[in-house]
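A short worksheet on the structure shown next.
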(Lines of atoms letter the chains of each structure in order from A and count residues from 1; the text may use other names and numbers.)
(Lines give C-alpha, C1' and ligand atoms only; values in the text may rest on other atoms or scores of the structure.)
Protein backbone atom coordinates (compact mmCIF):
# COMPACT_ATOMS: atom_id res chain seq x y z
CA UNK A 1 0.00 0.00 0.00
CA UNK A 2 1.42 3.48 -0.81
CA UNK A 3 2.38 5.42 2.32
CA UNK A 4 0.41 8.43 3.52
CA UNK A 5 2.26 11.72 4.02
CA UNK A 6 0.56 13.48 6.96
CA UNK A 7 2.93 16.41 7.31
CA UNK A 8 6.18 17.92 6.10
CA UNK A 9 7.69 20.44 8.53
CA UNK A 10 10.95 22.39 8.72
CA UNK A 11 12.85 24.64 6.35
CA UNK A 12 15.65 24.49 3.81
CA UNK A 13 18.26 25.74 6.34
CA UNK A 14 17.51 23.22 9.11
CA UNK A 15 16.10 20.33 7.07
CA UNK A 16 12.66 18.74 7.05
CA UNK A 17 10.72 16.03 8.89
CA UNK A 18 8.26 13.94 6.86
CA UNK A 19 5.65 12.13 8.97
CA UNK A 20 2.83 9.80 8.07
CA UNK A 21 1.60 6.22 8.03
CA UNK A 22 2.39 3.05 6.09
CA UNK A 23 1.87 -0.67 6.60
CA UNK A 24 3.59 -1.64 9.88
CA UNK A 25 7.17 -2.81 9.32
CA UNK A 26 7.47 -1.29 5.85
CA UNK A 27 10.54 0.74 4.94
CA UNK A 28 9.45 4.20 3.80
CA UNK A 29 11.79 6.03 1.44
CA UNK A 30 11.61 9.72 0.58
CA UNK A 31 12.78 10.39 -2.97
CA UNK A 32 13.54 13.58 -4.87
CA UNK A 33 11.48 12.98 -8.06
CA UNK A 34 13.61 15.48 -10.01
CA UNK A 35 16.76 13.38 -9.53
CA UNK A 36 15.35 10.00 -8.47
CA UNK A 37 17.71 10.16 -5.48
CA UNK A 38 16.69 8.80 -2.06
CA UNK A 39 17.05 11.63 0.49
CA UNK A 40 15.76 9.87 3.60
CA UNK A 41 14.27 6.61 4.87
CA UNK A 42 12.73 5.10 7.98
CA UNK A 43 10.68 2.20 9.28
CA UNK A 44 6.95 2.29 9.95
CA UNK A 45 6.44 1.23 13.58
CA UNK A 46 4.00 -1.44 14.81
CA UNK A 47 1.18 1.13 14.57
CA UNK A 48 2.23 2.11 11.03
CA UNK A 49 3.61 5.53 11.97
CA UNK A 50 6.84 6.85 10.51
CA UNK A 51 8.91 10.02 10.87
CA UNK A 52 11.83 10.64 8.53
CA UNK A 53 14.38 13.46 8.80
CA UNK A 54 15.63 14.99 5.56
CA UNK A 55 18.99 16.65 6.24
CA UNK A 56 19.57 20.33 5.47
CA UNK A 57 20.65 20.77 1.87
CA UNK A 58 19.09 17.49 0.70
CA UNK A 59 16.16 19.31 -0.92
CA UNK A 60 14.97 22.89 -1.16
CA UNK A 61 11.88 24.77 -0.08
CA UNK A 62 8.59 24.27 -1.93
CA UNK A 63 10.04 21.17 -3.65
CA UNK A 64 8.24 18.02 -4.76
CA UNK A 65 8.97 14.79 -2.90
CA UNK A 66 7.75 11.21 -3.28
CA UNK A 67 7.32 8.56 -0.58
CA UNK A 68 7.38 4.82 -1.31
CA UNK A 69 6.88 1.85 1.00
CA UNK A 70 8.81 -1.39 0.65
CA UNK A 71 7.55 -4.54 2.40
CA UNK A 72 9.60 -7.44 3.83
CA UNK A 73 9.36 -9.24 0.47
CA UNK A 74 11.00 -6.30 -1.35
CA UNK A 75 7.80 -5.18 -3.06
CA UNK A 76 7.74 -1.41 -3.65
CA UNK A 77 4.51 0.59 -3.56
CA UNK A 78 3.46 3.28 -5.99
CA UNK A 79 4.81 6.69 -4.92
CA UNK A 80 2.85 9.18 -2.86
CA UNK A 81 3.50 12.81 -3.84
CA UNK A 82 4.24 15.51 -1.27
CA UNK A 83 5.86 18.94 -1.09
CA UNK A 84 8.26 20.68 1.27
CA UNK A 85 6.90 23.94 2.76
CA UNK A 86 8.02 27.34 1.54
CA UNK A 87 10.61 29.00 3.74
CA UNK A 88 9.22 31.72 6.01
CA UNK A 89 9.98 35.33 5.19
CA UNK A 90 12.57 36.50 7.70
CA UNK A 91 13.78 39.56 5.77
CA UNK A 92 12.88 42.91 7.27
CA UNK A 93 11.50 45.49 4.81
CA UNK A 94 13.56 48.55 3.94
CA UNK A 95 13.10 51.47 6.32
CA UNK A 96 10.21 53.67 5.19
CA UNK A 97 10.92 57.00 3.49
CA UNK A 98 9.30 60.12 4.95
CA UNK A 99 8.61 62.51 2.06
CA UNK A 100 6.66 65.10 4.01
CA UNK A 101 5.35 66.14 7.44
CA UNK A 102 2.71 68.86 7.36
CA UNK A 103 0.33 70.42 9.87
CA UNK A 104 0.50 72.12 13.22
CA UNK A 105 -0.11 71.53 16.92
CA UNK A 106 -3.68 72.86 16.64
CA UNK A 107 -4.98 70.82 13.70
CA UNK A 108 -2.67 67.80 13.86
CA UNK A 109 -0.06 66.49 11.45
CA UNK A 110 0.08 64.27 8.36
CA UNK A 111 3.17 62.16 7.65
CA UNK A 112 3.48 60.95 4.04
CA UNK A 113 6.01 58.76 2.33
CA UNK A 114 6.78 55.38 0.82
CA UNK A 115 7.35 51.91 2.27
CA UNK A 116 7.14 48.27 1.17
CA UNK A 117 3.73 47.78 -0.49
CA UNK A 118 1.25 46.27 1.97
CA UNK A 119 3.43 46.91 5.01
CA UNK A 120 2.06 48.54 8.16
CA UNK A 121 3.74 51.88 8.80
CA UNK A 122 3.82 52.98 12.45
CA UNK A 123 4.78 56.44 13.62
CA UNK A 124 6.16 56.64 17.16
CA UNK A 125 6.93 59.58 19.42
CA UNK A 126 10.21 60.12 21.27
CA UNK A 127 9.11 57.72 24.04
CA UNK A 128 8.47 54.90 21.54
CA UNK A 129 4.67 55.07 21.86
CA UNK A 130 2.73 54.49 18.62
CA UNK A 131 0.89 57.73 17.76
CA UNK A 132 -0.39 56.78 14.30
CA UNK A 133 -0.33 54.01 11.70
CA UNK A 134 -1.45 53.19 8.17
CA UNK A 135 -0.94 50.47 5.55
CA UNK A 136 1.17 51.28 2.51
CA UNK A 137 -0.89 50.90 -0.67
CA UNK A 138 0.00 48.70 -3.67
CA UNK A 139 2.40 51.38 -4.92
CA UNK A 140 4.01 51.71 -1.46
CA UNK A 141 2.52 55.12 -0.63
CA UNK A 142 1.31 55.85 2.90
CA UNK A 143 -0.28 58.74 4.75
CA UNK A 144 -0.51 58.75 8.57
CA UNK A 145 -2.51 61.33 10.56
CA UNK A 146 -1.10 62.36 13.94
CA UNK A 147 -2.85 64.29 16.71
CA UNK A 148 -1.85 67.90 17.40
CA UNK A 149 -0.80 66.85 20.90
CA UNK A 150 2.41 65.46 19.38
CA UNK A 151 3.56 69.09 19.35
CA UNK A 152 5.71 71.26 17.13
CA UNK A 153 9.36 70.36 16.51
CA UNK A 154 8.76 66.89 18.00
CA UNK A 155 11.02 63.97 17.13
CA UNK A 156 9.20 61.03 15.52
CA UNK A 157 10.24 57.73 13.93
CA UNK A 158 8.58 55.60 11.26
CA UNK A 159 8.92 51.81 10.91
CA UNK A 160 7.42 49.36 8.41
CA UNK A 161 6.22 45.86 9.40
CA UNK A 162 5.65 43.29 6.63
CA UNK A 163 3.00 40.55 6.53
CA UNK A 164 5.42 38.08 8.15
CA UNK A 165 5.93 40.41 11.13
CA UNK A 166 9.45 41.57 10.20
CA UNK A 167 10.10 45.16 11.33
CA UNK A 168 12.29 47.63 9.44
CA UNK A 169 14.91 49.92 10.87
CA UNK A 170 13.40 53.25 11.99
CA UNK A 171 13.43 56.44 9.92
CA UNK A 172 13.65 59.69 11.89
CA UNK A 173 11.61 62.81 11.30
CA UNK A 174 10.48 65.98 13.05
CA UNK A 175 7.13 67.75 13.10
CA UNK A 176 7.26 71.29 11.68
CA UNK A 177 7.38 74.40 13.82
CA UNK A 178 4.05 76.15 14.31
CA UNK A 179 3.68 79.22 12.10
CA UNK A 180 3.59 82.43 14.09
CA UNK A 181 0.15 83.89 13.43
CA UNK A 182 0.18 86.41 16.29
CA UNK A 183 0.51 90.07 15.27
CA UNK A 184 3.10 92.04 17.18
CA UNK A 185 2.07 94.74 19.61
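Numbering (my numbering), first residue to last: 11 to 195.
All residues carry an ideal CB built from backbone N, CA and C; glycine is no exception.
Residue nearest to residue i in terms of C-alpha spacing, selected from the options
i, options, result
"residue 48", "76, 22, 27, 166", "76"
"residue 162", "118, 67, 17, 123", "118"
"residue 12", "138, 95, 89", "89"
"residue 53", "37, 45, 65", "37"
"residue 170", "79, 158, 124", "124"
"residue 107", "176, 154, 64, 93", "154"
"residue 17", "180, 92, 173", "92"
Bridge partner(s) assigned by DSSP for residue i
i, result
"residue 117", "Residue 117 is not bridged to any residue."
"residue 166", "183"
"residue 143", "132"
"residue 98", "Partner(s): none; residue 98 has no beta bridge."
"residue 25", "21"
"residue 110", "122"
"residue 59", "31"
"residue 50", "40"
Cβ-based neighbour list, residue i, same chain, cut-off 6 Å, excluding 5 preceding and 5 following
i, result
"residue 82", "none"
"residue 97", "21, 22, 71"
"residue 136", "165"
"residue 68", "49"
Through-space distance from residue j to residue i, alpha-carbon basis
i, j, result
"residue 39", "residue 129", "42 Å"
"residue 24", "residue 175", "21 Å"
"residue 14", "residue 80", "13 Å"
"residue 114", "residue 122", "15 Å"
Other residues of its chain near residue i: CB distance less than 7 Å, five sequence neighbours each side excluded
i, result
"residue 42", "49, 69, 75"
Report task. State whether the segment 31-38 contacts the segment 49-60, with contact taken as three or more CB pairs (one from each stretch) at a distance under 8 Å. Result -> Short answer: they touch.
Query raised in the report: Given 8 Å as the limit, is there contact between the segment 138-146 and the segment 178-185, that is, 3 or more CB pairs closer than that?
Result: No, the segment 138-146 does not touch the segment 178-185.
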